[in-house]
Amino acid sequence: MRRKMRRKIIYALLLSITITCSMGFALFATEFGARWLVRHALPVVFENKLQIQAVQGTLLSPLRLAGITYQPAPSMGNPTNKPTTIDNVSLEWRPGALLSGLAHIHRLRISGIRYGIPKDDGHPESEPISMLPLPPALRIERLEVTDLHIDGDEHVDIERITGALAFAGGKAPLIIEPFQVISGATELTLAMEIEPVAPFAYKARGQGRTTLPDGTALAGEISLHGDASKAVLERFSVEVAKGHIAGQGWVDWSPGIQWDLGLSARGMDPNIYWSLLQPERKNRWRGALNMVLRSQGRRDDDGLDLALDIERLDGILRGYPIAGSGRLTLAGRRLEARGLELRSGDNRLKMHGATLIPSALFRRLTGSTTVDASGDSAPDSTGLSFEIDAPMLKALWPDLDGRLQGEGRLAGSLFDPEISLRMTGKALAYRAHRIAALRAKLALHPAAASRADIEVEDVLLANHEFPRIRAQGTGRLALEQITLGMDFSCASDTDWGKFLCPEDLDPATRARGGRLALQLDGRLKDSAWSGRLKRAHMDLLSLGDWQLARPIPLLLGADMVRLGASTRNPRGRRHENDQRACWQWEGARICTRGAWSKGSGSYLKGDMVGLPWQVLRPWLPASLEIRGAIAGDFDLSRARDAEARLTITPGTGALIYRRPNRRPLETTFRDARLTASYAKNSLQADVKCKVAEQGFMKGKLRIDMAGNQYPLQGTLQGKLPDLALLSGSIPQTEKIEGALTLAFTAEGSLKKPILRGRGTLAGGAVDLLAPGIHLRDIAMEAEARGSRPLKIKGEIRSGPGRLIFTGEIREPFGVSPRFELSARGDDFQVLQLPEAEVLASPNLRVVSDRKGVFVDGEIAIPEARIKIDALSETGVAVSEDEVIVGEEGIDASEGKPAHAVHAKVSVMLGDRVTFEGFGIKAGLTGSVAIESHPEKPPMGNGSIVLRDGQYRAYGQSLVIEHGRLVFSGPMDNPALDARATRKVADGKVTVGIDITGALKQSRMSLSSEPIMPESEILAYLLTGKSLANASHTDQAALLDTAIGLAFTESKPLASQLGRKIGIDTVKIRNEGNTLQESALLLGKYLTPKLYVGYVQGLFENTRTFEAEYHITNALSIKARSGTAQQGAEVLYSIERE
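Residue 141 is where the sequence shown starts when you use my numbering, and the numbers rise one by one after that.
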């Protein structure tokens, strides 16, 4: 029985061992087990922060993982930490080595790492570790990381990292060798040994190379050792371009930071620095510098101490020789220079001594929040002197120019300094700023009379010209009597210059220019200047000549500024007789009082009386004058929250529109008032005004300035029963009539306002001067419907017809407004001029948005009468091949429309269209499709046909058999095909003129039936008979006609007719520079040496008789007598080949 029991126990133990081994084998040696561990065990261990999408292989054979994501837990400072993701991990290891306590990894490959550096969540730092978290023993034969991306304050991409690690266990060092990093053009190789226990002593050496953005190769080496609290730089060197940098030293950062570093350079090009950090300044600092520098210092809770020794500095910088030497030290806020000297080109700068950096400046430079300012008032805390002799400032800095010389010394304390300075400069310039002359002389003594005198001439700042700026001071520290002056001219081509000097400013005032002059009396006490503003004269040209009415108290300090003075009664209210700064100009006065302090904020309060509208002249149209005066008051304050109030109450006044060659138009206004206020992030404005007799405008607006949406509410109501007051404000219009009514409300936000309401125009009429038409019965309505498009509809009558239009505006106040309009009309008169009367029946659609204006549709011309007696004298076209010398600099963008216009319109001519001009009298029919795009010539497709036409030429009336203008390209160069004929000799002879070709290169030819010479054709056209039968009068007429043809292309015909009537010279010559000065020259040699000629102006009634006698081949006498001039001259000519 017992034997059976023992067998059962043995069998159970064997079965348990077998099952356990089988389960272990299944987990570690099968892919199913590996997947089970990854998907079920790891999430439990990592609290579901780790997710793995795919597993391939086993834990005992090559294992591959894909789609790994680790989501760290959110923290107080980082509620949305970015996850770390890995695309693929491949592991090959030797499990058997674990039996000897060694984790032996043959190969570990990791690719596609994306890691976001978490932000500092403000938690206190953890306790320092005493040992690196390493296994008992570790060996990685090959580690390979590819495609690594790190996101933090800066983004880092690393293409490849390879290396090997070995750790024997215990206190043996961790050996990393070799270790290689590749990122773009950068390659780094590193070898390191680190002890695994504190203080983690290490030794490292490495080398690397890269290519800078400009293609420059850089290579370097480094060797160092240290531990967690310090680093000893045994040696480092860098080779870049033709330069070499080397250094050594040490840095200790526990506690605080201390250092002692030495640097030497040979042939170093500073342009490398600018190429890396400020590429826009590349190539401005090229050079080759040699230097030996040493820096020592420390920074801890007690402050900053450092020393910089310039043992050597020489070479070439920006093409100029440079040299320097000296020592700079900083102990706390005490800056000391010892034998500091810098030479660049011919420039010399020397500095020696010590000074205190002001506490505010020191805080800004170092970022320190605890700065001891007690030393500012310590006596003899400063003693710094300098000398500068810079005849060529451009050698010091690329944007500088001119000459500067001077010397100075600073001694004493910052609160009671002793300063002496003498400085002169000529032709100083920095970029676009210029100073023609600088003179400065300071002699400041804390306990004696001091004087300061600074003057600059011909100053150009931000394109503003100031002929003279001067500052003078006398008394203690030159701050008891202060005079400031500034002159400015009207030569500045800026908005400010145009504002102060409008075009209608009288020449005397423009030549004088403006001036600002201030005089102050007071003294410096407790770091603040206190005294009086004694004089403040502001000659602001178009804005008036303002004078300070009386001296007022003034306080200027770092913690407080106050203009004027006020006293308070026991209840805390200011008295009415407070002293204010008041400026007066003629009958106008502006008074103000204000203060600012760090503790209580600021306020500014004032009022204005009798201010003329002239001060707003720069903003008003040149044709508008406003008569009257403005009164108002304002109050601004800011303690915690800003508050402001403004009230403007113009008196009764008038708007006067000046119109050329017509009487001015005057409109009155009264009871105008504007109030605006800002408090508790709310802006409110109310405005109202009565215009003429029964017109008015009023509105209210409320805007909540909190947040970034700016919700608003507002109303606008207005009524102008007679729009005649607008007659002078719209160019090329006259006799404006109609009644305008407005009633709108606004809501929504300032960025997206919603408008509701209606505006109507009734009984409108206007004369348009340019087309000569009278528009009448104008009715228009605009309806705003909230978030829906704003609707527009209306109609206009002109002549016998009318035009009806409808449209809408989408998002009128949005970023991309869109305007759509459809217009349809019948027999609408568009021109009514002596030379043209045109009726049109349009059917057009207009769309306007940010891309441009698009017009399409058709225009029918049912009736038109065009009669042109002659072209304007100034309407002479310029030849296509003409080049105007000196016009290359014209900006082609000038004169372009504000919006690009695209048009595709068909124009159709009806049966009642006639044309009369240039000898042609005919009806016109046909149609042309016109297409126009910006910066391209208009294109046309179609034809215009002349019907029932007559052409009067050469004194005869010809019948136009056919005539067409064919458009198949640019509108200004259609093809011509026309023929005009005349039957003579009892109908047996038909002669005519044919015109063919493009308009700009048309050809005119004579034809006949039967065929005959051109001279005979012309004779038949002009006289109705053959040239052989023509009288002397007819021959003269023929010659005149031939001359006319000479303007085109029939010049041989003129010579042919000239020879037939016995004249040697028949030609057109130009007596000046214009076509109107052309003249006909008829000449004949009476003898081989005597030539006589007659000159008749073709366009001007001038006649001249000329005679020229050749004494020799080179010498001749020429005389002329005519209606315009008389004279004689001797001509001597030399001909050379």
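We put the beta carbon where it would ideally sit given N, CA and C, even for glycine.
Would you identify the three-state DSSP class for Glu1156, choosing helix, strand or coil?
helix
Would you decide whether Met408 is buried or exposed? Buried here means 16 or more other CB atoms lie within 10 Å of its CB.
buried
Anticipated Cβ contact below 8 Å, Gln659 with Trp686, distance rounded:
Wrong, their Cβ atoms sit about 15 Å apart, outside the cutoff.
Report the residue from Leu582, Leu601, Asp442, Glu481 whose alpha carbon sits nearest the alpha carbon of Ala592.
Leu582
Length of the line joining the Cα atoms of Ser1148 and Tyr1234
34 Å
Quick one: what's got a C-beta closer than 6 Å to Val178's C-beta in the same chain, skipping five residues either side?
Ile192, Val195
Here's a check: name, in chain order, each residue in its chain whose Cβ is nearer than 6 Å to the Cβ of Val986, leaving out the five neighbours to either side.
Leu961, Val995
Do you know whose CA, among Val970, His1073, Ser1261, Leu550, lies nearest Thr1244's CA?
Ser1261
Say yes only if the C-beta of Lys566 is nearer than 7 Å to one or more non-hydrogen atoms of the ligand ATP, and no if none qualify.
Ligands in the displayed structure: none, and consequently the ligand ATP is not present.
What's the call for Phe1279, buried or exposed, on a 16-neighbour Cβ count within 10 Å?
Outside the displayed range of the chain (141 to 1277) lies residue 1279, so it cannot be described from this structure.
Any 3 or more C-beta pairs closer than 8 Å across the segment 832-841 and the segment 852-862:
yes
For Lys1044 and Pro911, I'd like the C-alpha separation in whole angstroms.
23 Å
Among all the DSSP beta bridges, which residues are the ones paired with Pro929?
DSSP, once it has assigned bridges, lists no residue as partnering Pro929.
Between which two residues does the beta strand (DSSP E) containing Pro1002 stretch?
992-1008
Quick one: Cα of Ala1115 to Cα of Val1053, how far?
21 Å
Spatially closest choice to Phe953 from Ile913, Ile894, Pro339, by CA coordinates:
Ile894
Could you tell me if Pro790 is buried or exposed, where buried requires 16 or more neighbouring beta carbons within 10 angstroms of its beta carbon?
buried
8 Å Cβ cutoff met for Pro538 and Arg458:
yes
Please classify Val1068 as buried or exposed, where buried requires at least 16 neighbouring CB atoms within 10 angstroms.
buried
Would DSSP call Gly236 helix, strand or coil?
helix
Taking just the CA atoms, how far does Ala618 sit from Phe606?
25 Å
Please classify Ser927: is it buried, with 16 or more other beta-carbons within 10 angstroms of its beta-carbon, or exposed?
exposed
Residue span of the beta strand (DSSP E) that contains Arg204, given as start and end
203-210
Would you tell me roughly how many angstroms separate the C-alpha atoms of Thr808 and Val831, rounded to the nearest one?
6 Å
Extent of the continuous beta strand (DSSP E) to which Arg1280 belongs
With the chain running from 141 to 1277 in the structure shown, residue 1280 is simply not present.
If you check the beta carbons only, do Leu496 and Arg474 fall under 8 Å apart?
yes
Alpha-carbon spacing of Gln1141 relative to Ala631, whole angstroms
50 Å
Spatial neighbours of Asp441 within its chain, please: C-beta separation below 8 Å, excluding the five flanking residues on both sides.
Gly396
Beta-carbon contacts of Arg810 that lie in its chain and below 7 Å, excluding the five residues immediately before and after
Thr792, Lys830
So, helix, strand or coil for Arg175, using DSSP?
helix
Between which two residues does the alpha helix (DSSP H) holding Ala588 run?
First-last for Ala588: undefined, no H or E at that position.
Please confirm whether Asp392 and Ser369 have their CB atoms less than 8 Å apart.
yes
Look at Ser670 and Leu695 and say whether their C-beta atoms are less than 8 Å apart.
yes
Quick one: Cα of Asp826 to Cα of Ala922, how far?
24 Å
What are the partner residues of Glu887, as DSSP defines its beta bridges?
Ile894
Among the candidates Ala864, Phe307, Lys1128, whose CA atom is the shortest distance from the CA of Leu274?
Phe307
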